[in-house]
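Participant: There's a structure below that I have some questions on.
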Amino acid sequence: MKNVLYLFVLVLFVSSCSDFQKALKSEDISVKFIEATKMYEAKKYTNAIRLFDQIAPAYKGKPQAERMFYMYAQSLYKTKQYYLAGYQFESFVSSYPKSEKVEESAFLGAKCFSELSPVYSLDQTDTYKAIDKLQDFIDIYPESANVAEANVLVKALREKLELKAYENAKTYNNISDYKAAMVAFDNFIINFPGTPYKEEALFYKLDSAYNLAINSIPMRMEERLITAKAAYMGFVKYYSDSEYKPKADEMLARIENDLKQFSK
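Numbers 3 to 266, taken from my numbering, label the letters of the sequence shown in order.
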């Protein structure tokens, strides 16, 4: 019985492969469409894509085009070809605005960009694009069942940008470019007022201001010591019980001691 079942499955597999190969070689686009649909429904997306690639140009404007391009975009999405899938979904939305699949396609097209968003340490161009695309979807389809997921994706993407901005500012501090670090931390706090990194950002802004001041030439030192003291006050205003407070107090003691020479 097992041998018979195995033989039956083998025959089906060979037949399926044979039909697919025939469709690939066929000059009849309707044959390719039928076989591509079979491959799509069988979740053999790579095979479906090979056939869709062949017939897509010829199907523009045809009655079956809407279904074909939807399956094409979905096949690309299922195989994680997000650049191509995003393009096809956006093209679908533009070409078939009255389709029952337009809302889903708009969401998946935007989601493709979120899938392309790299780790925070790399260039975040695709992250910004993803946020814009997802926000556009939320604005256009506020009642969509996909809005909840879209909001989750936007939140995660913004947190990635937040971490990158913080790490960039921290890098300036690490390499002793204290002027750039102070500007970067100020911008970070302005751009991300609710950030969980605010305590660290204010402390390292103080650290940058302090190191810039104590290493300054005499004619710039007083001004920079006053700036550093202001950074200390800004830090303890929000985090008077911070684990960084003892280190901050040490900095303040040095700042005030150095300032004495300018008051004489």
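C-beta: ideal position from N, C-alpha, C; glycine also.
Measuring straight from C-alpha to C-alpha, what distance separates Asn49 and Gln56?
Facilitator: The straight-line gap from Cα to Cα measures roughly 11 Å.
Participant: Just to confirm my understanding: we take Tyr98, look at its own chain, exclude 5 residues before and 5 after, and list those with CB closer than 7 Å. What are they?
Facilitator: Glu68, Val104.
Participant: Within 8 Å (strictly less), CB to CB, does Gly63 reach chain D?
Facilitator: No chain D appears in this structure, which consists of one protein chain only.
Participant: Between the alpha carbons of Tyr74 and Tyr143, how many angstroms are there, rounded?
Facilitator: Straight-line Cα distance between these residues: approximately 23 Å.
Participant: Tell me the DSSP secondary structure of Ile38 in three-state form.
Facilitator: Checking the sequence, you will find Ala at residue 38 rather than Ile. The answer is helix: DSSP assigns Ala38 an H, G or I state.
Participant: Taking DSSP as the reference, what is the three-state secondary structure of Pro144?
Facilitator: Coil at Pro144, not helix or strand.
Participant: Assuming Phe194 is part of the alpha helix (DSSP H), what are its boundary residues?
Facilitator: Phe194 -> no alpha helix (DSSP H), and no H or E assigned at all.
Participant: Within a Cβ cutoff of 6 Å, which residues of the same chain sit near Val6, ignoring the five residues on either side of it in sequence?
Facilitator: A caution first: Val6 carries a pLDDT of 42, below 50, which makes its placement in the model too unreliable to give a value.
Participant: State the start and end residues of the unbroken alpha helix (DSSP H) segment that holds Pro120.
Facilitator: Here Pro120 belongs to no alpha helix (DSSP H), and DSSP marks it neither H nor E.
Participant: If we count the other Cβ atoms within 10 Å of its Cβ and call it buried at 16 or more, is Asp30 buried or exposed?
Facilitator: The residue in question, Asp30, is exposed, as its Cβ has fewer than 16 Cβ neighbours within 10 Å.
Participant: I need the straight-line Cα distance from Met253 to Thr173, nearest angstrom please.
Facilitator: Those two C-alpha atoms are separated by around 21 Å.
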